[in-house]
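Colleague:
Protein chains: 2
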Amino acid sequence: MNMDAPNLPQVDGAVDLHRIKSAQTATPITVAMGDGIGPEIMRAVLAILDAAGAQLATEFIDIGERVYLSGNTAGISAAAWDSLRSTKVFLKAPVTTPSGGGYKSLNVTVRKTLGLYANVRPCISYAPFVASSHPNMDLVIVRENEEDLYAGIEHRQTDEVYQCLKLITRPGCEKIVRYAFEYARSHGRRKVTCMVKDNIMKLTDGLFYRVFEEIGAEYPEIERERYIIDIGAARMATRPERFDVIVTPNLYGDILSDIAAEMTGSIGLAGSANIGEHVAMFEAIHGSAPDIAGQDLANPSGLLLAAVMMLVHIRQAHVAQNIHNAWLRTLEDGLHTADLTGPQAEQTLGTQAFAAAVIARLGQLPQHFQPVSYQNRAAEALSNKPTYTRKPPALKAMVGVDVFVHSADDTPDTLAARLRGAADTMHLQMITNRGVKVWPQGFPETFCTDHWRCRFIAPGGDASVSHRDIIALLQQLTEHGIDVIKTENLCTFDGVIGYALAQGQ
Amino acid sequence: MNMDAPNLPQVDGAVDLHRIKSAQTATPITVAMGDGIGPEIMRAVLAILDAAGAQLATEFIDIGERVYLSGNTAGISAAAWDSLRSTKVFLKAPVTTPSGGGYKSLNVTVRKTLGLYANVRPCISYAPFVASSHPNMDLVIVRENEEDLYAGIEHRQTDEVYQCLKLITRPGCEKIVRYAFEYARSHGRRKVTCMVKDNIMKLTDGLFYRVFEEIGAEYPEIERERYIIDIGAARMATRPERFDVIVTPNLYGDILSDIAAEMTGSIGLAGSANIGEHVAMFEAIHGSAPDIAGQDLANPSGLLLAAVMMLVHIRQAHVAQNIHNAWLRTLEDGLHTADLTGPQAEQTLGTQAFAAAVIARLGQLPQHFQPVSYQNRAAEALSNKPTYTRKPPALKAMVGVDVFVHSADDTPDTLAARLRGAADTMHLQMITNRGVKVWPQGFPETFCTDHWRCRFIAPGGDASVSHRDIIALLQQLTEHGIDVIKTENLCTFDGVIGYALAQGQ
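Which chain is which? The protein sequence lines are A and B, in order.
Mind the numbering: the first sequence is residues 1 to 505 in this note's numbering, read in order.
Mind the numbering: the second sequence is residues 1001 to 1505 in this note's numbering, read in order.
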């Protein structure tokens, strides 16, 4: 490996990390040593990779605390971006975000900037060698990583009402769902479970589920299953052994993957991958644990299993398999770091000694656990998957507009009267408050905020409207002193209504 | 009790449910017998209430399957609404929604129409008498029940992008948070935990947390705690004994309450309350289980504990306490219905025999569990809590507008050029795609959908804009053939920016 980073921490003597691999056979990767326990677990992992014969040409970048504190609010320099764009493979140790405002999450920045659309998190129990109340758990969560509420588009709209946009897109759904099925196929998994809330969110989560069915049909050997997220999360939290691969939108996946990781018994053992069309990032799921940094106490296993995922990704499947099996055998031999409690025959090792124990078992297979088996075709399947192909456009027709109004002084009836007095070119069909229809024929019990959604359609009912019609409506409302705060066009696509009816409509 | 419902199923002979209470002392309540196992568990519960001396004047309404199939898509008649509005207290057995489209969820309809803003769900383990992997679990989830993504406002906006609005309001937050703290105080609970995702959703979830801190400060004897929902859900799923009362927005509460109920070991033992300013509804959390209906197999415990919550609500705390303690004693005596597995000394009873066993223990206290103690002041505290008081308006200034554009043919640069060529009255500040800034200075890796958010501000930068300025902008864009699909005004409130900056801005 080529370790030419100027800030590289001192390396333990036992393994020569400075050996240079030939440029012909080595795959370039970018490595960040991170903060807190980052450098010591990365040293341990690089030592194991090296001993196992991984063919890597490493470029080291400096990210995290020192970069933040130098005045770079993103925590990552332009040179680091260049390395990531060049190698397209990123093995990352945990970093520390300094306390105090203004520092942006490095993970969010990397993920959004490089379009890492899939977060892949295997959650596996290692009972009886690691205590777990769910000994047969072995599932993988494939979480959409770019959209949903995490697009971060928020507006305060009135004195009382704040809004965040949940965006679900067809390309986003297609990419994550296809990734999940390709992952299942290439990793010998038999079932993919989709978790959504499409009984409530029929358009957004409905799209995710529809794409799941469409693309899943191309994988007839893989079972498809759907859960509503509330019931699905409850099942996963109590009977995780029922699940295999779970694919789900961003927010649900965020919650599910934290639950699943914690249920395995130790978040110190889990690695994750963030996959994009161009670049992939591999890391442990735990943080930088500055309280135990530099004491040779930290568990390198999470980062090691992330590195195993990376090796599969770059088609060094044999090396990945060798390391993974040696690591399982090490656990079985009762050797572990101080964070775990294990069987009676246990022996607690420091970070580097644990790495040496794994190295000593390279070439051995686990006796209790099923040995893992990786093949390069897994990576090929994943890297050859089709990128998104834009569909031909539907025939879009505009049939009305939802106009949102800020008013603290109106009742539904007074507002309806004001709107109808102001607007004579379009027809007021209904008013809702927090989604509940309050006009016409509302219920007296409905609590009303100062935020009203007023649905206007063409006077004829099912005629279409133009942008000019909507602008004319906004002019009339403005002239009558109505405080319009936002609009949402109502459209049909190939004749299918593209908006939800109101509760009670 | 007054049971004058025409469709009332036959009642077992042992207990005379037809005894009429004097109108002076009895509290009117509305009762629905429901579908599937509903009638038999409701009969069992009413028998226990009667034997314990509950002073109830019952009005029976017909809801659910028969009403749906008669052509009423809401499953509830006008006469039933009248009863609910009159008694303001609803004890409801589970109902069956017929399969096939067009039938609306009765629970959603009742909740939204009557403004039942708080869903209250105690989740308690009864180990060792009911098997549970979390024997010390005793928490209450207080879930906001009206807003969030469940307002159901969805729009398909382009060929590729679908949107759902998440609405979080100050009155909604104040009502649910105050309810949670009043509940904690009146039920002798010591801690309220708020779960939100305000590190990502700083405006919406940020408001919920801010209100939690504001209102929580009025309850100095109650500890306040906050978790980010992903980590909080993981903690609850693995160490539920750490939690006491949890207050959370609608979607998170939906997921958490299903997880927690399933973790207790039996969803057949949980009741819930849906609380509004005017009306309250009490029910079991399980469904109508038509497969075991009419066989005297069903467990009436969930509905019974819901009825106990109802009795506290209507200030018959002594009766509630008597029933709850007798029920605990019954469990301890190893008596239960067929759905539970228990200790060796167990005896499996039918629905009505289980009710008789509870009745036989009225006046007895549990020996293993702590006896429950209810006082009427609990109900008084809750029913006297202040309703929402509208705040004085902030000084709102409009400073720009986010215009959303549908275009499949543009790159960020070509779109920016078209927008700047069309609009000369306002200044294009940035363009984002799924929340990621793509102009100016975007990253080449960012995947772009056909849905662009284009932020326009006043030419001077920090000057304010008028509704007429926005309309003029829309006119210019329309004249240049730009397909505007929605707008979001950008405002400051008392000088505080009321919108999120984009990632990378």
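Positions of the beta carbon are idealized from the N, C-alpha and C atoms, including for glycine.
This one's a predicted model, so the numbers in the text were calculated from it and none came from an experiment.
Does DSSP classify THR1403(B) as helix, strand or coil?
Modeller: Rather than Thr, the amino acid found at residue 1403(B) in this sequence is Val. Looking at VAL1403(B) - three-state DSSP - the assignment turns out to be strand.
Colleague: Does the Cβ of GLU1160(B) have 16 or more other Cβ atoms within 10 Å, making it buried, or fewer, making it exposed?
Modeller: Buried.
Colleague: How close, in whole Å, do the beta carbons of THR1109(B) and ILE1029(B) come, if the pair is a contact with beta carbons under 8 angstroms?
Modeller: Not quite, the Cβ-Cβ distance comes to about 20 angstroms (not below 8 angstroms), so this is no contact.
Colleague: Near LEU251(A), what residues of its chain come up, given a Cβ to Cβ distance below 6 angstroms and the 5 sequence neighbours on each side ignored?
Modeller: So the qualifying residues of the chain are ASP148 and LEU149.
Colleague: Going by other Cβ atoms of all chains shown within 10 Å of its Cβ, with 16 needed for buried, is VAL1192(B) buried or exposed?
Modeller: That one is buried.
Colleague: Closer than 8 angstroms by beta-carbon distance: list the chain B residues that pair up with PRO171(A), in chain order.
Modeller: Residues of chain B passing the Cβ test: GLU1160, PHE1447 and THR1449.
Colleague: Let me see if you follow: with CB-CB separation under 8 angstroms, is GLN1370(B) close to chain A or not?
Modeller: False, the Cβ-Cβ gap to chain A never drops below 8 angstroms.
Colleague: Going along chain A, which residues have a C-beta under 8 angstroms from LYS1486(B)?
Modeller: Those are LYS486, THR487, GLU488 and ASN489, listed as they occur along chain A.
Colleague: Out of curiosity, what's the CA-to-CA distance linking ALA1397(B) and GLU1479(B)?
Modeller: ALA1397(B) and GLU1479(B): Cα-Cα distance of roughly 28 angstroms.
Colleague: By Cβ distance below 7 angstroms, which residues in the same chain neighbour GLN1055(B) in space, the five residues on each side in sequence not counted?
Modeller: Contacts found: LYS1021, THR1025, ALA1026, THR1027 and GLN1316.
Colleague: Counting only C-beta atoms, is ALA80(A) closer than 8 angstroms to chain B at any point?
Modeller: So no, ALA80(A) is outside the interface.
Colleague: So, ASP254(A) versus ARG143(A), is the Cβ gap smaller than 8 angstroms?
Modeller: Yes. Within cutoff.
Colleague: Can you find the residues in the same chain that come closer than 7 angstroms, C-beta to C-beta, to ALA500(A), ignoring five residues on each side of it along the sequence?
Modeller: LYS202 and LEU203.
Colleague: Run down chain A in chain order and give the residues with a C-beta less than 8 angstroms from the C-beta of LYS1191(B).
Modeller: In chain order: nothing, as chain A lies at least about 20 angstroms away.
Colleague: Rounded to a whole number of angstroms, what is the C-alpha to C-alpha distance between LEU1114(B) and ASP1082(B)?
Modeller: Taking the straight line from one Cα to the other gives about 12 angstroms.
Colleague: Taking LEU1114(B) as part of the beta strand (DSSP E), name the residues at either end of that continuous run.
Modeller: Careful: LEU1114(B) lies outside any beta strand (DSSP E), inside the alpha helix (DSSP H) at 1106-1114.
Colleague: What is the C-beta distance between ALA1261(B) and PRO1300(B), in whole angstroms, given that I count them as a contact (C-beta under 8 angstroms)?
Modeller: With a Cβ gap of about 17 angstroms, ALA1261(B) and PRO1300(B) do not count as contacting.
Colleague: Considering only DSSP beta bridges, list what CYS1194(B) is partnered with.
Modeller: BP columns for CYS1194(B) point to ARG1226(B) and VAL1247(B).
Colleague: Is ASP1527(B) buried or exposed, if buried means 16 or more other CB atoms sit within 10 Å of its CB?
Modeller: Given that chain B is displayed from residue 1001 to residue 1505, the structure contains no residue 1527(B) and the question cannot be resolved.
Colleague: Would you please verify whether the beta carbon of PHE1443(B) is less than 8 angstroms from any beta carbon of chain A?
Modeller: At least one chain A Cβ lies under 8 angstroms of PHE1443(B).
Colleague: What separation, rounded to the nearest whole angstrom, lies between the Cα atoms of GLU1277(B) and ALA298(A)?
Modeller: Looking at the two C-alpha atoms, the distance is approximately 53 angstroms.
Colleague: Starting from PRO1393(B), find everything on chain A with Cβ-Cβ shorter than 7 angstroms and list it in chain order.
Modeller: ASP159 and ALA408, listed in chain order.
Colleague: If you draw a straight line from the C-alpha of LEU116(A) to the C-alpha of ILE176(A), how long is it?
Modeller: C-alpha separation (whole angstroms): 10 angstroms.
Colleague: Rounded to a whole number of angstroms, what is the C-alpha to C-alpha distance between ASP1494(B) and LEU1395(B)?
Modeller: Cα to Cα, ASP1494(B) sits roughly 5 angstroms from LEU1395(B).
Colleague: With the cut-off set at 8 angstroms, would you say PRO94(A) and GLY36(A) are in Cβ contact?
Modeller: Yes, they are a contact pair.
Colleague: Does the beta-carbon distance from ALA422(A) to LEU477(A) come in below 8 angstroms?
Modeller: A contact, by the Cβ cut-off of 8 angstroms.
Colleague: Quick check: what's the CA-CA separation for GLU225(A) versus CYS194(A)?
Modeller: Their backbone Cα atoms lie some 6 angstroms apart in a straight line.
Colleague: Taking THR330(A) as the reference, give the member of GLN364(A), ILE229(A) and ILE314(A) with the closest Cα.
Modeller: Among GLN364(A), ILE229(A) and ILE314(A), the Cα nearest to that of THR330(A) is on GLN364(A).
Colleague: Based on the DSSP secondary-structure assignment, which residues constitute the bridge partners of ARG1418(B)?
Modeller: BP columns for ARG1418(B) are empty, so no partner.
Colleague: Beta carbon of THR58(A), beta carbon of VAL89(A): below 8 angstroms?
Modeller: Contact: no.
Colleague: Among ILE1431(B), GLY1302(B) and LYS1486(B), which residue has its Cα nearest to the Cα of GLY1268(B)?
Modeller: Per the Cα distances, GLY1302(B).
Colleague: Do we get a CB-CB distance below 8 angstroms when we pair ARG1066(B) with the residues of chain A?
Modeller: It does not: the Cβ of ARG1066(B) has no partner Cβ on chain A nearer than 8 angstroms.
Colleague: Check each candidate in GLY206(A), GLU182(A), ALA234(A) and HIS451(A) and name the one with the smallest Cα separation from GLU221(A).
Modeller: For GLU221(A), the nearest C-alpha among the options comes from GLU182(A).
Colleague: If you compare alpha carbons, which of ILE1231(B), GLU1214(B) and PRO1240(B) is closest to SER1133(B)?
Modeller: When only C-alpha atoms are compared, the closest one is PRO1240(B).
Colleague: Within the stretch 1257-1294 of chain B, note down every full beta strand (DSSP E) run reaching 3 residues or more, in order along the chain.
Modeller: Segments of the beta strand (DSSP E) lying fully in the stretch 1257-1294 of chain B: 1271-1276 and 1280-1284.
Colleague: Indicate whether at least one CB of chain A lies closer than 8 angstroms to the CB of GLN1163(B).
Modeller: Closer than 8 angstroms to some Cβ of chain A, the Cβ of GLN1163(B) qualifies, so yes.
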